[in-house]
Amino acid sequence: MKLPDFLMALPALDIPFPEDVVESRAMRTEDALLVFFIFHKDAELPPHSHGAQWGSVLQGEVQLTVDGVTTTYRQGDSYDLPAGVVHAVKVAAGTIAMDTFEEPDRYALRR
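FYI, the numbering for the sequence shown is 1 to 111, going by UniProt numbering.
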């Protein structure tokens, strides 16, 4: 799957991964941040928490661990993390996910 050119023209985010691991394209409103994540390599985030997040796997696989329980999400699946929930994430190379964060300033935009 390839995202359309107009989405790839959106700004990237200042995230703690190099672009050879994951690319990002984002839209920000006053109320939320919508992000397309494109994973070129496997990636892992240690346990953390933040405001509410809703996401959907467009391609590939995302594993979320909450309270010691790991759930695997694949193409077409979505996940909903309430604000403050501690979770860890593993993402397989080749995954494209769309995530919406309730915190519009969760990540800074890069132009």
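Where a beta carbon is used, it is the ideal one built from N, C-alpha and C, also for glycine.
No experiment lies behind these values; they were computed from the predicted model shown.
Short of 6 angstroms in beta carbon distance, which residues of its chain neighbour R106, apart from the five on each side in sequence? Order them along the chain.
For R106, the CB contacts under 6 angstroms within the same chain, skipping 5 residues up- and downstream, are L33 in chain order.
According to DSSP, is F36 part of a helix, a strand, or is it coil?
In the three-state scheme derived from DSSP, where H, G and I count as helix and E and B as strand, F36 is classed as strand.
Counting only the same chain and skipping the five closest in sequence on each side, list residues whose C-beta sits under 6 angstroms from that of V86.
Hits under 6 angstroms: P47 and S49.
Do you know how far the Cα of Q75 is from the Cα of L7?
Computed Cα separation, rounded: 19 angstroms.
Where the beta strand (DSSP E) containing L109 begins and where it ends
A108 to R110 is the extent of the beta strand (DSSP E) around L109.
Which residues in the same chain as T65 place their Cβ atom closer than 6 angstroms to its Cβ, once the five residues preceding and following it in sequence are excluded?
The beta carbon of T65 sits closer than 6 angstroms to the beta carbons of A88 from its chain, once the five residues preceding and following it are set aside; these are given in chain order.
Entirely enclosed beta strand (DSSP E) segments - the stretch 7 to 51, minimum 3 residues
Note on the stretch 7 to 51: whole beta strand (DSSP E) runs with a minimum of 3 residues are 12 to 14, 22 to 28, 33 to 39 and 43 to 48, in chain order.
Counting Cβ pairs, one atom from each stretch, are 3 or more of them under 8 angstroms apart for the stretch 38 to 47 and the stretch 88 to 97?
Contact between the stretch 38 to 47 and the stretch 88 to 97 is present, because at least three Cβ pairs lie under 8 angstroms.
Option nearest A9 by Cα separation, candidates F17, P16 and S24:
Of F17, P16 and S24, the residue nearest in Cα terms is S24.
So, is G68 buried or exposed, given that buried needs 16 or more other C-beta atoms within 10 angstroms?
It counts as exposed.
Going by Cα to Cα distance, which pick from S78, F17, F101 and A12 is closest to Q59?
Out of S78, F17, F101 and A12, S78 has the C-alpha closest to the C-alpha of Q59.
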